[in-house]
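If you're matching positions, the sequence shown starts at 700 in this note's numbering and goes up one per residue. We treat Cβ as the ideally placed atom computed from N, Cα and C, and that holds for glycine. Treat the numbers as computed from the prediction; the structure is a model and nothing was measured. What follows is a set of notes on a single structure, which appears directly below.
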Amino acid sequence: MRSSEKWGVDVETAVDLALKELKIEREDAEIEVLEESSNGFLGIGSKLARVRVTAKEDAEVQPKGKATFDDIDAILAGLPENSAQQLPDEVRADYDKFEAEEREDAKAREKAHRKEKSRGGRNRKKYSLSLEDTMLYEVKKLDPVEGHPVEAFLRDIAEQMGIDLDFSVKAGEELVFVEITGKDTGTIIGKRGSTLDAVQCLASYVVNKESSKYIRVILDAENYRSKRETTLVNLANRLAGKVERTGRPVTLEPMNPYERKVIHCTLQSHPKIHTRSEGKDPYRKVIIEMK
């Protein structure tokens, strides 16, 4: 039973992914093109090609493949590098405002630090998020929504990729949160959450495509985001200690806006450490440095 279905930006890319998974040469395979690539994939970017590749000795066996990290890579390969630049002008303006607010928050934190220091505030070894800064606090303010467009989009993605998932949507004026459950949640999370972030990027396209203002979209599965918050808080404390010891700044890996906020808010009360963001999404990074 050696057969594989793959997605790709074109037929050749999809075939190469399937051949690599099956570990066979092209001449030893039967190739069936299920969908040709073309402009527009659910209204976003370019439509992917889908192929079924079967080893010749098992040509009659055609099981349905499941999504892999390579599938999501193929989807993102068809998207522009800076997705925010491709949003409608009105939405783009709100997105820029969202990013500007992050910078203003950083200035406010720095001002608060100076005030605390002037009052003789003492340095604590460990820092954490306030309740208001946690994802759980934001989600609790949202209302459940039935039939949201992002739910239909995600169900279509799951069905076409052959993964078993269910979706529960909560929404407010500026945030949409989707809880993902099912037996294939591990697949949708992916390595270090990269697949989840990739699908979240696509879902953000869907939500903002017809919106008059920028709406944040957060996808979560198996409480990954909450666990990620804890990981980021510990990382922020560890790296802040390193910066204090060495006096040299540390640049973190690229993160989405919410994860950058976790780092900023964790260290906002630190009297010696300053955090700032640098670069453009999706490659914007947090820098931890001495004040």
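Terminal residues of the beta strand (DSSP E) in which residue i lies
i: residue 988; result: 984-989
i: residue 734; result: 728-734
i: residue 843; result: 842-844
For residue i: DSSP bridge partner residues
i: residue 866; result: 879
i: residue 705; result: 750
i: residue 712; result: Paired residues: none, contrary to the question.
i: residue 951; result: Note: residue 951 sits in no beta bridge, so no partner.
Alpha carbon of residue i to alpha carbon of residue j, nearest angstrom
i: residue 990; j: residue 932; result: 20 angstroms
i: residue 970; j: residue 927; result: 25 angstroms
i: residue 726; j: residue 719; result: 13 angstroms
i: residue 845; j: residue 925; result: 24 angstroms
i: residue 947; j: residue 938; result: 10 angstroms
i: residue 983; j: residue 735; result: 34 angstroms
i: residue 962; j: residue 945; result: 19 angstroms
i: residue 834; j: residue 859; result: 30 angstroms
i: residue 968; j: residue 976; result: 17 angstroms
i: residue 851; j: residue 825; result: 43 angstroms
Start-to-end residues for the alpha helix (DSSP H) that takes in residue i
i: residue 976; result: Residue 976 -> not in any alpha helix (DSSP H); beta strand (DSSP E) instead, spanning 972-977.
i: residue 915; result: Counting along the chain, residue 915 falls outside any alpha helix (DSSP H), though it belongs to the beta strand (DSSP E) covering 915-920.
i: residue 896; result: 893-908
i: residue 940; result: 923-945
i: residue 885; result: 884-888
i: residue 859; result: 848-860
i: residue 834; result: 834-839
i: residue 723; result: First-last for residue 723: undefined, no H or E at that position.
i: residue 957; result: 956-965
Contacting residues, own chain, Cβ-Cβ under 6 angstroms from residue i (five flanking each side not counted)
i: residue 881; result: 863, 864, 865
Burial state of residue i (16 or more Cβ within 10 Å)
i: residue 712; result: buried
i: residue 942; result: buried
i: residue 929; result: exposed
i: residue 960; result: buried
i: residue 732; result: exposed
Closer than 9 angstroms to chain C by CB, residue i
i: residue 942; result: As a matter of chain content, chain C is missing from the structure shown, which is built from one protein chain.
Contact set for residue i: own chain, Cβ-Cβ below 7 angstroms, skip 5 residues either direction
i: residue 854; result: 866
i: residue 841; result: 869, 870, 871, 874, 876
Beta-carbon proximity list for residue i, same chain, < 8 angstroms, skipping 5 on both sides
i: residue 898; result: 771, 853, 856, 887, 918
i: residue 986; result: 948, 949, 950, 951, 974, 975, 976, 977
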